[in-house]
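Heads up: take any position in the sequence shown, counting from 1, add 188, and you land on our numbering.
For every residue, glycine included, the Cβ atom is placed at its ideal position computed from N, Cα and C.
Report on the following structure.
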Amino acid sequence: MGSLRLSAWAAASSSAARGFPPSPPDWRGRGRRSRCAQASPPSAAPPPSLGATSPLRVGTEHGWQWDCRGGGFGGGGGRRDYAKEMEAAVRIVQVACTLCQRVQDSLLLADSGSGSDGVHSKLDRSPVTVADWGVQATVSWLLSDCFRDENVSIVAEEDDKTLSSSDGTALLESVVTAVNGCLVEAPKYGLRSPEKDLRAHDVLQAIRKCSSTGGPKGRFWVLDPVDGTLGFVRGDQYAIALALIEDGEVVLGVLGCPNYPMKKEWLHYHQRYFRLMSKVAPPTSGSWNKGCVMYAHKGCGQAWMQPLVHDFGMLNWHNSREIQVSTVSDPVSATFCEPVEKANSSHSFTAGLAHSVGLRNRPLRVYSMVKYAAIARGDAEIFMKFARSGYKEKIWDHAAGVVIIQEAGGVVTDAGGRPLDFSRGVYLEGLDRGIIACSGALLHQRILGAVDASWNSSTL
């Protein structure tokens with residue numbers, strides 16, 4: 189697929205490392221008792237050891253850099269410590285963000301006004317790109333390599349039918365190039381590269397490995413390689429979402445949001461305008477301008493955010509910041525998020541609900557699980573989604589975002605006030621009407637009440 193301009197990926201990878209902004213003095217002293225700590229390795233710590241003796245080959249020879257103490261994890265509460273999985277997931281999502289940024293940059297460079305170059309359609313007519321398959325193959329390979337002595341089970345959105353078809357040869361070659369272009373740089377993220385480039389067969393096998401169907405028992409990863417592909421191809425917001433589910437419970441989640449602006453006001457603008465303004469008034473060298481990876485571990489009581497390795501040249505855990513939900517409880521001052529697409533969500537119903545509870549700010553319409561990120565970071569207070577009849581929510585569209593909001597201090601339930609059930613396969617079965625995420629219990633209760641009062645008169 190020449191239109192993707194694969195050479196642009198190589199050019200994009202040659203940016204030099206830049207320094208990080210100084211860490212804030214205290215990210216844990218904001219009114220809530222800290223039950224989670226991030227270890228402080230030396231700032232000049234050597235690259236992570238990739239010795240062959242450990243089944244998980246990330247971290248340093250002195251121990252894990254991520255450490256969640258208390259809350260029943262790792263400290264005697266009878267539940268296991270997921271430090272290894274947490275750190276591996278963050279590093280892997282960082283790699284995935286790099287792949288996506290390169291592909292999106294190439295798409296935008298190749299865009300001559302039609303916006304269609306490099307974009308394909310799945311059977312349901314939803315868009316798909318090299319990034320969707322490339323991220324899925326990359327994450328699958330890295331998870332399998334990190335946990336090589338364990339049976340890694342993955343639930344993910346994409347399959348290999350298009351790539352394996354007689355018409356998919358050129359597309360498959362582009363995916364293979366994108367995957368190898370990122371995996372060769374894996375050591376920069378504290379991960380291992382393959383001994384030699386993956387072949388087309390290897391990439392297809394990695395994609396096929398993501399064929400788990402979930403369920404109530406056992407352990408599996410949940411991946412949405414590019415959540416919000418429509419936003420991705422338009423140069424706007426999208427997310428890479430990775431979560432770990434054990435016995436039906438989401439135990440950790442990671443959200444990569446490469447275009448997420450650090451200034452809240454920019455969320456209301458299309459990313460192409462943001463890019464233009466960044467060229468007119470370039471940010472200070474080394475400043476954290478946009479893009480982040482958010483992550484949380486169930487029971488930790490905290491959620492975190494760190495800069496993109498792609499933009500800063502290295503992964504440094506010192507630069508992670510704690511994030512917390514907004515303290516706004518008055519609907520008049522609250523902001524609510526909703527999907528951009530109208531195909532699977534009712535804007536008219538959410539607008540009616542917003543008016544009935546007194547919301548006056550204009551809605552924040554953003555693609556993908558960036559809506560969850562906005563609430564977790566305190567940039568919005570409410571996310572409401574009420575699907576049209578016949579649409580079924582999938583677990584990969586929500587798992588990572590739910591645990592991040594919860595650990596940041598927020599609440600996520602269905603419209604009946606019940607927790608989302610991730611134990612019944614690839615769909616959120618038994619969902620009561622819709623999904624409501626809020627920064628606090630007071631707003632949440634008001635929305636639930638408004639839904640009950642308005643539902644019978646709706647057309648959903």
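Practice prompt. Report the partner residues of C626 according to the DSSP bridge assignment.
Written response: I570, V599
Discussion item. Between the alpha carbons of F261 and D385, how many angstroms are there, rounded?
Written reply: Annotation note: pLDDT 34 at F261 (below 50); position unreliable, coordinate value reported separately. Going from the Cα of F261 to the Cα of D385 covers about 38 angstroms.
Discussion item. Less than 8 angstroms between C-beta atoms, sequence neighbours within five positions excluded: which residues of the same chain meet that for A374?
Written reply: V283, L330, R380, S381
Worksheet item: Under the rule that 16 or more other beta-carbon atoms within 10 Å means buried, what is V372, buried or exposed?
Response: exposed
Fill in: DSSP state of C525 mapped onto helix, strand, coil
strand
Worksheet item: From what residue to what residue does the alpha helix (DSSP H) around W505 run?
Response: Unbroken run through W505: none, as it is neither H nor E.
Worksheet item: Touch check for the region 501-509 and the region 285-295: three-plus C-beta pairs under 8 angstroms?
Response: no
Discussion item. Just to confirm, is the Cβ distance from A325 to V367 under 9 angstroms?
Written reply: yes
Worksheet item: To which residues of the same chain is G628 closer than 6 angstroms at the C-beta, ignoring the five residues directly before and after it?
Response: S517
Fill in: Sequence ranges, alpha helix (DSSP H) only - wholly within the region 370-422, length at least 4
388-396, 417-421
Worksheet item: Could you check where the beta strand (DSSP E) with K478 kicks off and where it finishes?
Response: 478-485
Worksheet item: In this structure, does DSSP put P519 in helix, strand or coil?
Response: helix
Fill in: In DSSP terms, what H643 is bridged to
Checking the displayed sequence, the identity of residue 643 turns out to be Trp instead of His. Partner(s): none; W643 has no beta bridge.
Discussion item. Quick check on V520: buried or exposed, where buried means 16 or more other Cβ atoms within 10 Å of its Cβ?
Written reply: exposed
Practice prompt. Take the Cβ of A638 as the centre, count every other Cβ of all protein chains shown within 10 Å, and call the residue buried at 16 or more, exposed below.
Written response: buried
Discussion item. Using a Cβ-Cβ cutoff of less than 6 angstroms, which residues in the same chain neighbour V340 once the five nearest sequence positions on both sides are dropped?
Written reply: L331, S332
Worksheet item: Of the residues A319, V343, M450, S353, which one's Cα is nearest the Cα of S652?
Response: In the structure displayed, the chain extends from 189 to 648; residue 652 sits before or after that span and is not available.
Discussion item. In this structure, how does DSSP classify R553 when only helix, strand and coil are distinguished?
Written reply: strand
Item to complete: Would you identify the three-state DSSP class for M493, choosing helix, strand or coil?
Response: strand
Worksheet entry | In DSSP terms, what S445 is bridged to | Note that residue 445 is Cys in the sequence shown, not Ser. C445 is bridged to C480.
Worksheet item: Nearest to K405 by CA position, among I624, G613, W643, P449, is which residue?
Response: G613
Item to complete: Any chance you could list the alpha helix (DSSP H) runs of at least 4 consecutive residues sitting entirely within the region 273-351, in chain order?
Response: 318-334
Item to complete: Return the first residue and the last residue of the alpha helix (DSSP H) that I563 is part of.
Response: 558-564
Item to complete: Give the straight-line distance between the Cα atoms of Y483 and P446, rounded to the nearest whole angstrom.
Response: 14 angstroms
Worksheet entry | S228 classed as buried or exposed, judged by whether at least 16 other C-beta atoms fall within 10 angstroms | For S228, the predicted model reports a pLDDT of 38, less than 50, meaning its position is unreliable; a value from the coordinates is still stated below. The residue is exposed, with fewer than 16 neighbouring Cβ atoms inside 10 Å.
Fill in: Straight-line Cα distance separating I280 from H485
16 angstroms
Discussion item. How far does the alpha helix (DSSP H) with L430 in it extend, from its first residue to its last?
Written reply: From DSSP, L430 is part of no alpha helix (DSSP H) but of the beta strand (DSSP E) over 427-434.
Practice prompt. Evaluate S202 with the Cβ neighbour count: other Cβ atoms within 10 Å of its Cβ, from every protein chain shown; 16 or more gives buried, anything less gives exposed.
Written response: With a pLDDT of 36 at S202, under the threshold of 50, the modelled position of that residue is not reliable, and the figure given next carries that caveat. Answer is exposed; the Cβ neighbour count stays below 16.
Worksheet item: If you draw a straight line from the alpha carbon of A596 to that of M493, how long is it in whole angstroms?
Response: 11 angstroms
Worksheet item: Where DSSP assigns a beta bridge to E510, which residues make up the other side?
Response: W492
Worksheet entry | Residues near S514 in its chain [Cβ-Cβ closer than 7 angstroms; skip 5 each side] | G566, E569, S627
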